[in-house]
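Student:
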Amino acid sequence: MFYPTMALTNTVTFHHIGNSERFGTIRVWGTIGCIFIQWTLAGYLYMWEQRAPSISHTGDCLLIAAVASLVMALYCLTLPHTPPAHSPERPYAFLDVLGLVRSRNFGVLIGVSFAVTAALPFHYNLTLLFLTEGRPYGVGLPPSAGQLATTLGQLAEIAAMLLLWPAIRYLGMRWTFVLGILAWPVRFGLFTIGQPLWLMVAAQSLHGIGYTFFFAAGMVAVERMSPKGLRASAQSLLVFATYGVGMLCGHLLSGAVHGYFTLAHGAHAWAYIFMVPICITVPAAIAFGLLFDEKRFRQNNVLGDAG
0 MFYPTMALTN TVTFHHIGNS ERFGTIRVWG TIGCIFIQWT LAGYLYMWEQ RAPSISHTGD
60 CLLIAAVASL VMALYCLTLP HTPPAHSPER PYAFLDVLGL VRSRNFGVLI GVSFAVTAAL
120 PFHYNLTLLF LTEGRPYGVG LPPSAGQLAT TLGQLAEIAA MLLLWPAIRY LGMRWTFVLG
180 ILAWPVRFGL FTIGQPLWLM VAAQSLHGIG YTFFFAAGMV AVERMSPKGL RASAQSLLVF
240 ATYGVGMLCG HLLSGAVHGY FTLAHGAHAW AYIFMVPICI TVPAAIAFGL LFDEKRFRQN
300 NVLGDAG
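Sequential numbering from 0 applies to the sequence shown in numbering that gives the first Met the number 0.
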């Protein structure tokens, strides 16, 4: 029920700002909100680690998320009015977005985004487990410190969001996207080493590059490659391919791999676990670099801006 709202918020944002160059400076506030709640949760966990270290309170984050979701739902009532762009004569016009997949660049973007997103649950589901599992298998951080360490990715994301438009302008969409994809296998590769502690913590910062130059850049690319009347449906298709099908496959895969490489005494062979997403993301980056036509993308963008 939540992930479709990502396409809606992207569409509302692009509709009202009119210029996609401003997207990064607006989207960065979502990152700041993410950092705030993670720091709040880290402080909450630290409080309980001091009071009752034998009792785990990590599950309390679900209650905090429920309250935050209610607050966010109420805030959505204050968003500007954005009427749907529909045509009564063609009630199923949204199906036209499937025709965009026949376009080489759009099809490559959707396909590669699906593949990369299938690897990302290895980060979302397993990073905190890796950071908090005891030595010599994991990093050995307490839950509160592990939660704080993960926020380095969001801090780096703030800087990356502000650099998104300059990167697209000077590097082009193709190399911006490739750079974002490659941030993930580099990060997972560092995790396979498992030490030293400072390197494992510093590796979290690569999340900022990976998320911004992959997810946020993908949203901008879809906006530019889609006709005005299909942009909302195109954003929904991207979310369906990534946070829908891609994440579902990734959750199933990461869970199976995590279970397969669980050792007899309960620890995990993390180096083998993180090799799996590396084997997915590296070919995806190569495929995008070879198949995405930057020249055609720029030409279509100019035509779209002119129209």
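The C-beta atom is built at its ideal place from N, Cα and C for all residues, glycine as well.
Quick test of the definition: if touching needs 3 or more C-beta pairs under 8 Å, does the region 202 to 214 touch the region 69 to 82?
Tutor: At 8 Å Cβ cutoff, the stretches do not touch.
Student: Cα separation between G111 and L236?
Tutor: According to the sequence as given, residue 111 is Val; it is not Gly. Cα-Cα distance, rounded: 13 Å.
Student: Just mark W197 as buried or exposed, buried being the case when its beta carbon has 16 or more other beta carbons within 10 Å.
Tutor: The residue in question, W197, is exposed, as its Cβ has fewer than 16 Cβ neighbours within 10 Å.
Student: Whose CA, out of L40, Y242, F105, M46, lies closest to the CA of S225?
Tutor: Of L40, Y242, F105, M46, the residue nearest in Cα terms is F105.
Student: Would you call the region 277 to 285 in contact with the region 115 to 130, where contact means no fewer than 3 C-beta pairs closer than 8 Å?
Tutor: Yes, they touch.
Student: For T150, which three-state DSSP category applies?
Tutor: T150: helix per DSSP, three-state reduction.
Student: For F212, which residues from the same chain have a beta carbon less than 6 Å from its beta carbon, with the 5 sequence-adjacent residues on both sides left out?
Tutor: Result list for F212: T175, L178, G179, in chain order.
Student: Pick out whichever of A286, H250, R295, I54 has its Cα sitting closest to the Cα of I109.
Tutor: If we check each option's Cα against that of I109, A286 comes out closest.
Student: Classify P206 as helix, strand or coil using the three-state DSSP reduction.
Tutor: The question names Pro, but residue 206 in the sequence shown is His. H206: helix per DSSP, three-state reduction.
Student: Tell me, please, whether the region 41 to 48 touches the region 141 to 156 by the rule of three or more beta-carbon pairs shorter than 8 Å.
Tutor: Counting Cβ pairs under 8 Å, three or more are found: they touch.
Student: Taking 6 Å as the limit between beta carbons, can you name the residues of its chain near A182, skipping five residues before and five after?
Tutor: The answer, listed in chain order, is L205, I208, G209.
Student: Which residues in the same chain have their Cβ closer than 8 Å to the Cβ of H250, if we skip the five residues on either side of it in sequence?
Tutor: For H250, where only same-chain residues beyond five positions count, the Cβ hits under 8 Å are P120, N124.
Student: If I follow the unbroken alpha helix (DSSP H) through E222, where does it start and stop?
Tutor: Unbroken alpha helix (DSSP H) run through E222: 216 to 224.
Student: Can H257 and H267 be called in contact, C-beta distance under 8 Å?
Tutor: Yes, Cβ-Cβ distance for H257 and H267 is below 8 Å.
Student: Just the Cα atoms here: how many angstroms apart are M172 and L161?
Tutor: Spanning the two alpha carbons is a distance of roughly 16 Å.
Student: DSSP state of G288, grouped into three classes?
Tutor: DSSP places G288 in helix when its eight states are reduced to three.
Student: Are the Cβ atoms of V244 and F35 separated by less than 8 Å?
Tutor: For V244 and F35, no; Cβs fall outside 8 Å.
Student: For H267, which of helix, strand or coil comes out of DSSP?
Tutor: Residue state, collapsed to three classes: strand.
Student: T77 by DSSP, collapsed to three states: which one?
Tutor: It is coil, neither helix nor strand.
Student: Is I25 near T12, with beta carbons less than 8 Å apart?
Tutor: Yes, these two residues count as a Cβ contact at 8 Å.
Student: Could you tell me the alpha carbon to alpha carbon distance between R101 and Y169, rounded to whole angstroms?
Tutor: Their backbone Cα atoms lie some 28 Å apart in a straight line.
Student: Am I right that F291 and V115 are in contact with their C-beta atoms under 8 Å? What's the rounded C-beta distance?
Tutor: About 13 Å separates the two Cβ atoms, so there is no contact after all.
Student: Applying the criterion that 16 or more other CB atoms from any shown protein chain within 10 Å of the CB defines a buried residue, is L163 buried or exposed?
Tutor: By the neighbour-count rule (16 or more Cβ atoms within 10 Å), L163 is buried.
Student: Between H56 and I167, what straight-line distance do the alpha-carbon atoms span, to the nearest angstrom?
Tutor: Each residue's Cα considered, the two are about 42 Å apart.
Student: Taking the C-alpha atoms as reference points, what is the distance between G188 and M199?
Tutor: Those two C-alpha atoms are separated by around 10 Å.
Student: Measure the alpha-carbon distance for I157 versus T126 and round it to whole angstroms.
Tutor: The straight-line gap from Cα to Cα measures roughly 20 Å.
Student: Less than 8 Å separating the beta-carbons of A148 and L154?
Tutor: Not closer than 8 Å, so no.
Student: Using the beta-carbon count (16 or more within 10 Å), is P165 buried or exposed?
Tutor: It is exposed - the Cβ of P165 has fewer than 16 other Cβ atoms within 10 Å.
Student: Quick check on this structure: which residue in V275, R223, Y45 has the alpha carbon closest to the alpha carbon of I54?
Tutor: The shortest Cα separation from I54 among V275, R223, Y45 belongs to Y45.
Student: Any idea if V66 is buried or exposed, counting beta-carbon neighbours within 10 angstroms, 16 or more meaning buried?
Tutor: Looking at its Cβ environment, which holds fewer than 16 other Cβ atoms inside 10 Å, V66 is exposed.
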